[in-house]
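Trainee: Each protein sequence line maps, in turn, to chains E, U, H and X. Per the numbering used here: the first sequence = residues 9 to 120. Per the numbering used here: the second sequence = residues 43 to 162. Per the numbering used here: the third sequence = residues 95 to 221. Per the numbering used here: the fourth sequence = residues 2 to 98.
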Amino acid sequence: MAITLSFKGETITTDKHGYLEDHQVWSEDLGTYIAELDGIELTQAHWEVINFVRAFYLTYKTSPAIRALTKAMKAEFGEEKANSRYLYKLFPEGPAKQATKYAGLPKPARCI
Amino acid sequence: MANKVLAILNSKAPYSSTFGKDSLDIALIFGSYEQGVSLFFQGEGVFQLIPNQDGQQLSMKDYLKTFSAFEFYDIEDIYVCLESLQERKLSNAFHIEKVNILPAKEFAAKLKQHDCILRF
Amino acid sequence: MNKLAVIITSPPSSNLSVTAIEYVEAALAMQIDIVGVFFYQDGVMHANSYVDIPSDEYQANAKWLTLKNKFKLPLHLCATAASKRGLCIDETIKPDSQLSNIDNAFAVSGLGELVELTNYADRVVQF
Amino acid sequence: MATLHLVRKSAFNSQELLQCCQVLTSLDILILIDDGCYNLNHDLLADIKEIISVKHIKVIKHHAAARGQYVPKDIERISMSDLVSLTFETENVITWQ
């Protein structure tokens with residue numbers, strides 16, 4: 009069951025949970041717009057995570073689960089940002105679930 | 043109840059079935075739960091490790107790329123059976139690092155150290 | 095007491111499932127504590143309530159229901175494997191609703207459940 | 002340390018028994034189950050007895066009988082309950098399917 013969004017005069021399709029069907033149509037503006045639909049204003053801190061998750065997906069073809077995400081972020085951002093408390097503060101519904109959505113990635117498998 | 047260490051024995055080539063991906067999902071979840079998991083490759087399973095593959099050309103999700111993220115899941119123990127490589131005229135070139143090549147006898151000994159063994 | 099976990103990866107249409115069910119029945123008869131049965135890959139089809147097998151053939155799905163009722167055997171379904179195979183994994187639909195094709199004897203779980211079962215069990219057997 | 006091996010496929014058309022041989026040791030227990038029963042007459046089984054010196058090769062009685070397989074004297078015919086017991090008498094289990 010697909011849902012369509014109208015964005016900048018283009019029709020974008022998402023799955024029923026609001027995740028893009030095709031991650032290649034994503035842009036930062038579209039990410040901002042999808043977050044707005046959830047009532048969330050993205051800050052620089054959000055973007056650090058969103059861009060990191062997207063780069064992780066493009067490299068490894070999987071969205072990182074929270075533990076892998078913090079482990080991978082440690083090298084780039086240091087201990088203070090690479091912990092789950094910090095990430096949950098930014099993405100209260102779960103960093104893996106929410107950051108992937110604004111990064112234009114598929115919804116992570118429910119069991120992962 | 044004690045934390046068990048799992049071994050996954052991979053025995054299928056990567057693309058014509060979902061076994062490789064299904065086994066990977068189990069490995070990643072064990073890693074995410076900080077639970078020990080070792081990966082073994084035998085028989086056709088060794089084809090999951092050879093370099094220069096591109097599942098995208100088959101319209102497959104290229105799950106072999108995820109192998110490169112193993113360090114983030116604490117998956118460090120990766121073993122491949124020497125005889126299986128030799129039978130297929132394969133060298134020791136793999137698309138990921140730190141793969142241990144073991145002759146069947148040692149491969150078996152490592153495998154049997156695990157509490158639980160699943161084969162895919 | 096000996097604790098056992100069983101992973102089922104064969105579909106109900108295969109005779110391999112009969113073997114798995116016979117094994118589980120034998121274990122229960124010996125009062126082995128089966129901490130859970132985890133359905134993965136094509137094994138998830140055991141939970142499909144639309145499966146309709148002619149009455150003179152082996153009724154794998156019905157067997158699981160009997161075991162569940164008689165022994166409170168926990169039956170876990172991998173949600174991802176199930177939705178890939180057309181089982182209706184939707185949080186908004188209750189399992190006992192007419193819209194769901196998952197038999198309500200089965201708990202929709204994730205692979206995290208498999209981690210738990212592996213820890214609880216003394217032995218894990220894959221069928 | 003003994004491992005319980007469940008071989009569910011015939012070696013006449015698949016690699017399962019061969020791969021099992023690669024990790025089999027003399028103390029292990031080998032069970033022929035489902036189509037694994039057809040291995041009763043496979044050359045590999047002779048190698049398993051003679052070269053790897055596996056003492057315990059068993060077959061699920063009704064699985065062999067159902068398939069019309071003759072079971073040699075040195076191979077023990079067991080029931081499903083026996084298999085359950087063996088599961089706990091060995092350290093771990095590998096299913097070759």
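Backbone N, C-alpha and C define an ideal beta-carbon position, used for all residues, glycine too. Nothing here was measured: the structure is a model prediction, and the numbers come from that model.
(1) Mark glutamate 116 of chain H as exposed unless 16 or more other C-beta atoms lie within 10 angstroms of its C-beta, in which case mark it buried.
(2) Cutting at 8 Å between CB atoms, please list the residues of its own chain near asparagine 96 of chain H, excluding the five before and the five after it.
(3) On the three-pair Cβ rule with 8 Å, is the segment 195-212 of chain H touching the segment 58-66 of chain U?
(4) Counting along the chain, where does the alpha helix (DSSP H) carrying tryptophan 158 of chain H start and finish?
(5) Could you tell me which uninterrupted beta strand (DSSP E) segments, each at least 3 residues in length, are contained entirely in the segment 125-151 of chain U, listed from first to last along the chain?
(6) Using C-beta distances below 7 Å, list every residue in its chain close to histidine 64 of chain X, excluding the 5 sequence neighbours before and after it, in chain order.
(7) Pull up the distance between the alpha-carbon of asparagine 94 of chain U and that of phenylalanine 136 of chain U, whole angstroms please.
(8) Cβ of isoleucine 95 of chain X less than 7 Å from any chain U Cβ?
(9) Does the beta carbon of glutamate 90 of chain X fall short of 6 Å from some heavy atom of the ligand PLP?
(10) Could you tell me whether any Cβ in chain H is nearer than 7 Å to the Cβ of serine 103 of chain X?
(11) If you measure beta-carbon to beta-carbon, which residues of the segment 105-128 of chain U are closer than 7 Å to chain H?
(12) What residues from chain E crowd round serine 74 of chain U, counting only those whose CB sits closer than 8 Å?
(13) Short check: CB of valine 55 of chain X to CB of serine 27 of chain X, under 7 Å?
(14) What's the gap between the Cα of arginine 75 of chain E and the Cα of alanine 47 of chain X?
(15) Does arginine 93 of chain E come out as helix, strand or coil in the three-state DSSP assignment?
(16) Within the 7 Å Cβ cut-off, does threonine 88 of chain X reach chain H?
(17) Using the three-state DSSP reduction, which class does isoleucine 52 of chain X fall into: helix, strand or coil?
(18) With distances taken Cα to Cα, identify the nearest neighbour of isoleucine 48 of chain E among E:Gln106, E:Pro114, E:Leu113.
(19) Taking the CB atoms as reference points, tell me whether tyrosine 110 of chain E and alanine 43 of chain E lie closer together than 7 Å.
(20) Quick check on the DSSP output: the alpha helix (DSSP H) that includes lysine 79 of chain E runs from which residue to which?
(21) Whole angstroms are fine: how far does the CA of tryptophan 55 of chain E sit from the CA of leucine 66 of chain E?
Mentor: According to the structure shown:
(1) buried
(2) Counting only residues of its own chain and dropping the five nearest sequence neighbours on each side, asparagine 96 of chain H has a CB closer than 8 Å to the CB of Ile126, Asp127, Asp216, Arg217.
(3) Segments in contact, no.
(4) 154-165
(5) 142-144
(6) Ile34, Asp35, Cys38, listed in sequence order.
(7) Distance between the alpha carbons of asparagine 94 of chain U and phenylalanine 136 of chain U is about 9 Å.
(8) When Cβ-Cβ separations below 7 Å define contact, isoleucine 95 of chain X makes contact with chain U.
(9) In the structure on display, the ligand PLP does not appear, and there are no ligands present to speak of.
(10) Since the first residue shown for chain X is 2 and the last is 98, residue 103 of chain X is missing from the structure and cannot be characterised.
(11) none
(12) Counting only Cβ-Cβ distances below 8 Å, serine 74 of chain U has contacts in chain E at Ala73, Ile74, Arg75, Ala76, Ile120, in chain order.
(13) yes
(14) Straight through space, the alpha carbons of alanine 47 of chain X and arginine 75 of chain E are spaced by roughly 49 Å.
(15) helix
(16) yes
(17) coil
(18) Isoleucine 48 of chain E has its Cα closest to that of E:Gln106, out of E:Gln106, E:Pro114, E:Leu113.
(19) yes
(20) 74-85
(21) In a straight line, the C-alpha of leucine 66 of chain E is about 16 Å away from that of tryptophan 55 of chain E.
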